[in-house]
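Worksheet: the structure to be examined is printed underneath.
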DNA sequence: CACAACTCTGTACGGCGTACGAGAATCCGG
DNA sequence: CCGGATTCTCGTACGCCGTACAGAGTTGTG
């Protein structure tokens, strides 16, 4: 069970959202002292998401966490969507600045590992997608640092963008599958092994699902599944993919240098 | 604006879901003739998702589309989550079987392009993640065919799994970013250019956002943005990434062959 | 013909985001 | 020092959502 769906929204004027992201807002001259700040709201929301999933971040629950009525959150944040954007940028602020002396390969490796770690600290980052207005200072800096890693190695601008996108995309997908699996175990209360134990007899009763119809899928799926359960392994797919991607970029760089 | 979130669920007994996926169900012996079939429901749901987003797939709207009361859908489908699983497997059924005579490189390329096309036909596939019980016949076949492409080229089972995961993950991320951008244009009613026109003055008023603080991000971001708007281009990142990934796999294959 | 099995439906519950408008607190200009 | 403008806070309410539950209608079987 368990499909996972992503909701969209999207609205009009970006001004307010951008101001919030960049922390520029004239402090109010009149009126009662605010009980909170936008940062408080963002922090509370992140705490909820960290402890559970992004679904735990509802206006009502964030407000409760802060001891405030739901509607008063709208003083600090235009709506839930913008709150998610703020959470993303805030989390990106945790990424370290890569050492500028590293080779492009080591730099991309460091970046990939930092992001891998970030996703494991904040799995909800994989449950949201950034949008145009999510371009806050930390997301900007993240992109800048990624590009710095591949600057001057012979790629043109569009290739640089594609190359860093390739690496960060890899981290996203591998982290996602590793964390989705972990979350599934948590929410279903069944380990993969237990689940298969339960599912196997059902599948066995279905002729069309017989292993001989899917010989490779059965063999490889089992091998991969066992390796995956080795618990030191979720990172295997990540490291494998990273090695391939870096090798692939290296091929291009070598070509360019000739 | 516009964060996008993914919801989770997850429940207990997989039996019913698996039976639905594999289409094994004793037809009812008593009772009134069903007005619909599970396949009808799945098709209607896919039509709604195709025309809009996955959010359009609500029990109430699917029922309305079918001229039936919301609750009667639960006769055909255990719940919304399982409906999403069924939609995924159904869509995977549209993937062609790759020509077995192709080289591993051509086969992976064909597979990647087929999936790229599938995601563009059914963008909602990128808004849902599969779960354990989503292992229906077509998803199984998809995995089988992917593995067939890299069989016998010198990789072990775990590497085969990682390699095809790498390619399919690449397609997902690149298709996602291309389609997210397109959807954003549709729902916000603003093209990227229009949005930047509106956002630029706001950013200009923020000293911290000045281009000199993010020299690479500004330059490369603009170049990539312009190239991206060339409209023949959304596929560029995809083809770039695919070439790198295939080159990277090739490096490994060559090593193994020695 | 009676009953069991099955489909279909209306109602209802608890959740969600957030529009609206009223009240309370605070600061500024006079 | 006071009155109005401004701002924060909150209760209520609307329209969505998934789906639990119980009843009504329909059909094949013994």
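Chains as they are written, first to last, in this note's numbering: chain W, 17 to 274; chain A, 17 to 274. Every residue, glycine too, gets a C-beta built ideally from N, C-alpha and C.
Going by C-alpha to C-alpha distance, which of A:84, A:118, A:151, A:74 sits closest to residue 107 (chain A)? Here residue 107 (chain A) refers to the residue found at position 91 of the second chain. Measuring from the Cα of residue 107 (chain A), the nearest candidate turns out to be A:151.
If you measure from the beta carbon of residue 26 (chain W) to each beta carbon in chain A, is any gap under 8 angstroms? Counting from one through the first chain, the residue named residue 26 (chain W) turns up at place 10. Note that residue 26 (chain W) scores a pLDDT of 46, beneath 50, so its modelled location is shaky; the value from the coordinates is reported in the next line. Judged by the 8 angstroms Cβ criterion, residue 26 (chain W) is in contact with chain A.
Cβ neighbour criterion (16 or more within 10 Å) applied to residue 175 (chain A): By one-based count along the second chain, residue 175 (chain A) stands at place 159. With 16 or more other Cβ atoms within 10 Å, it is buried.
6 angstroms CB neighbourhood of residue 204 (chain A) in its chain, flanking five on each side removed: Here residue 204 (chain A) refers to the residue found at position 188 when the second chain is read from its first residue. Closer than 6 angstroms at Cβ, skipping near neighbours: no residue.
Sequence-distant residues of the same chain with beta carbon closer than 6 angstroms to residue 62 (chain W), five excluded per side: As a working note, residue 62 (chain W) is residue 46 in the first chain. 103, listed in sequence order.
Contact set between residue 268 (chain A) and chain W, taken where Cβ atoms lie within less than 7 angstroms: Walking along the second chain from the start, residue 268 (chain A) turns up at place 252. The contacting residues are 260.
With DSSP as the reference, label residue 233 (chain W) as helix, strand or coil. For the purposes of this step, residue 233 (chain W) is identified with residue 217 of the first chain, where counting begins at 1. Helix, per DSSP.
Is there at least one Cβ from chain W nearer than 8 angstroms to residue 156 (chain A)'s Cβ? As a first step, residue 156 (chain A) must be located in the second chain, where it is residue number 140. At least one chain W Cβ lies under 8 angstroms of residue 156 (chain A).
With a threshold of 16 other CB atoms inside 10 Å of the CB of residue 260 (chain A), please say whether the residue is buried or exposed. Locating residue 260 (chain A) in the second chain gives position 244, where the first residue counts as 1. Residue 260 (chain A) comes out buried.
Within 10 Å of its beta-carbon, does residue 158 (chain A) have 16 or more other beta-carbons around it, so buried, or fewer, so exposed? In the second chain, residue 158 (chain A) corresponds to position 142, counting from 1. Counting Cβ neighbours within 10 Å, residue 158 (chain A) comes out buried, since at least 16 surround it.
So residue 260 (chain W) is in the alpha helix (DSSP H); what residue range does that whole segment cover? What you label residue 260 (chain W) is simply residue 244 of the first chain in a count that begins at 1. Taken as a continuous stretch (DSSP letters only), the alpha helix (DSSP H) holding residue 260 (chain W) covers 250-273.
Taking Cβ-Cβ distances shorter than 8 angstroms, what residues in chain W pair up with residue 30 (chain A)? Locating residue 30 (chain A) in the second chain gives position 14, counting from the first residue. Neighbours of residue 30 (chain A) on chain W, chain order: 17, 211, 214, 215, 218.
What's the gap between the Cα of residue 17 (chain W) and the Cα of residue 98 (chain A)? On the first chain, position 1 is the one that residue 17 (chain W) refers to. On the second chain, position 82 is the one that residue 98 (chain A) refers to. Because residue 17 (chain W) carries a pLDDT of 43, less than 50, the predicted location of this residue cannot be relied on, and no value is offered for it.
Cβ distance (whole Å) where residue 16 (chain A) is taken to contact residue 217 (chain A) below 8 angstroms: What is shown of chain A runs 17 to 274, which leaves residue 16 (chain A) out entirely.
Can you name, in chain order, every residue of its own chain whose Cβ lies under 7 angstroms from the Cβ of residue 132 (chain W), other than the five neighbours on each side? Counting from one through the first chain, the residue named residue 132 (chain W) turns up at place 116. Closer than 7 angstroms at Cβ, skipping near neighbours: 187, 191, 254.
Are the stretch 84-101 of chain W and the stretch 45-55 of chain W in contact at 8 angstroms, needing three or more beta carbon pairs? yes
Determine whether the Cβ of residue 188 (chain A) lies closer than 8 angstroms to any Cβ atom of chain W. Here residue 188 (chain A) refers to the residue found at position 172 when the second chain is read from its first residue. Closer than 8 angstroms: yes.
Applying the criterion that 16 or more other CB atoms from any shown protein chain within 10 Å of the CB defines a buried residue, is residue 168 (chain W) buried or exposed? As a working note, residue 168 (chain W) is residue 152 in the first chain. Residue 168 (chain W) is exposed by the Cβ-count criterion.
Applying a beta-carbon distance threshold of less than 7 angstroms, which residues of chain A neighbour residue 182 (chain W)? On the first chain, position 166 is the one that residue 182 (chain W) refers to. For the C-beta of residue 182 (chain W), the chain A residues within less than 7 angstroms are, from N- to C-terminus, 257, 260.
Are residue 130 (chain W) and residue 236 (chain A) close, meaning C-beta to C-beta below 8 angstroms? Start at 1 with the first residue of the first chain, and residue 130 (chain W) comes out as number 114. Start at 1 with the first residue of the second chain, and residue 236 (chain A) comes out as number 220. No, these two residues do not count as a Cβ contact at 8 angstroms.
Which residues in the same chain have their Cβ closer than 7 angstroms to the Cβ of residue 265 (chain W), if we skip the five residues on either side of it in sequence? One-based indexing of the first chain puts residue 265 (chain W) at position 249. For residue 265 (chain W), where only same-chain residues beyond five positions count, the Cβ hits under 7 angstroms are 179.
Could you tell me whether any Cβ in chain W is nearer than 8 angstroms to the Cβ of residue 92 (chain A)? Position 76 of the second chain, counted from the first residue, corresponds to residue 92 (chain A). It does not: the Cβ of residue 92 (chain A) has no partner Cβ on chain W nearer than 8 angstroms.
In or out: residue 272 (chain A) buried (at least 16 other Cβ within 10 Å) or exposed? One-based indexing of the second chain puts residue 272 (chain A) at position 256. Flag for residue 272 (chain A) reads exposed.
Cβ-based burial, residue 33 (chain A) [other Cβ within 10 Å; buried from 16]: Working through the second chain from its first residue, we reach residue 33 (chain A) at position 17. Classification of residue 33 (chain A): buried, given that the 10 Å Cβ count is 16 or more.
For residue 112 (chain A), which of A:119, A:221, A:128 has the nearest alpha-carbon? Residue 112 (chain A) sits at position 96 when you count from the first residue of the second chain. Nearest C-alpha to residue 112 (chain A): A:128.
Neighbour-count burial assignment, residue 65 (chain W), 16 or more Cβ in a 10 Å radius: The residue labelled residue 65 (chain W) in the question sits at position 49 within the first chain. It counts as buried.
Using the rule of at least 16 other Cβ atoms within 10 Å of the residue's Cβ for burial, across every protein chain shown, is residue 172 (chain W) buried or exposed? Locating residue 172 (chain W) in the first chain gives position 156, counting from the first residue. The residue is exposed, with fewer than 16 neighbouring Cβ atoms inside 10 Å.
Just verifying my parser: in three-state terms, what is the DSSP assignment at residue 159 (chain W)? Translated into positions along the first chain, residue 159 (chain W) becomes position 143. In the structure shown, residue 159 (chain W) sits in a helix (DSSP, three-state: H, G or I).
Would you list, in sequence order, the uninterrupted alpha helix (DSSP H) runs of no fewer than 4 residues that lie entirely inside the stretch 165-214 of chain W? 173-204
Taking just the CA atoms, how far does residue 79 (chain A) sit from residue 28 (chain W)? Position 12 of the first chain, counted from the start, is the residue given in the question as residue 28 (chain W). Position 63 of the second chain, counted from the start, is the residue given in the question as residue 79 (chain A). Low per-residue confidence applies at residue 28 (chain W): pLDDT is 48, beneath 50, and the placement is therefore not dependable enough to give any value.
Status (buried if at least 16 other CB within 10 Å, exposed otherwise) for residue 125 (chain A): In the second chain, counting from the first residue as 1, residue 125 (chain A) sits at position 109. By the neighbour-count criterion, in which 16 or more other beta carbons inside 10 Å mark a residue as buried, residue 125 (chain A) falls on the buried side.
Cβ of residue 182 (chain A) within 8 angstroms of Cβ of residue 144 (chain A)? Translated into the one-based positions of the second chain, residue 182 (chain A) becomes position 166. Translated into the one-based positions of the second chain, residue 144 (chain A) becomes position 128. Against a cut-off of 8 angstroms, the Cβ pair of residue 144 (chain A) and residue 182 (chain A) comes out as no contact.
Between residue 87 (chain W) and chain A, is any beta-carbon pair separated by less than 8 angstroms? Numbered from its first residue, the first chain carries residue 87 (chain W) at position 71. Not one chain A Cβ lies under 8 angstroms of residue 87 (chain W).
Whole-angstrom distance between residue 195 (chain W) and residue 201 (chain W), CA atom to CA atom: Residue mapping note: residue 201 (chain W) aligns to position 185 of the first chain, counting from 1. Residue mapping note: residue 195 (chain W) aligns to position 179 of the first chain, counting from 1. Taking the straight line joining both Cα atoms gives about 10 angstroms.
Identify, in the order they occur along the chain, each residue of the same chain with its Cβ nearer than 7 angstroms to the Cβ of residue 123 (chain W), setting aside the five sequence neighbours on each side. Position 107 of the first chain holds residue 123 (chain W). Hits under 7 angstroms: 114, 165.
Just to make sure I have the definition right: I need the residues of chain A whose C-beta is within less than 9 angstroms of the C-beta of residue 243 (chain W). Which are they? Counting from 1 along the first chain, the entry for residue 243 (chain W) is found at position 227. Listed along the chain, the chain A residues whose CB falls inside 9 angstroms of the CB of residue 243 (chain W) are 173, 174, 177.
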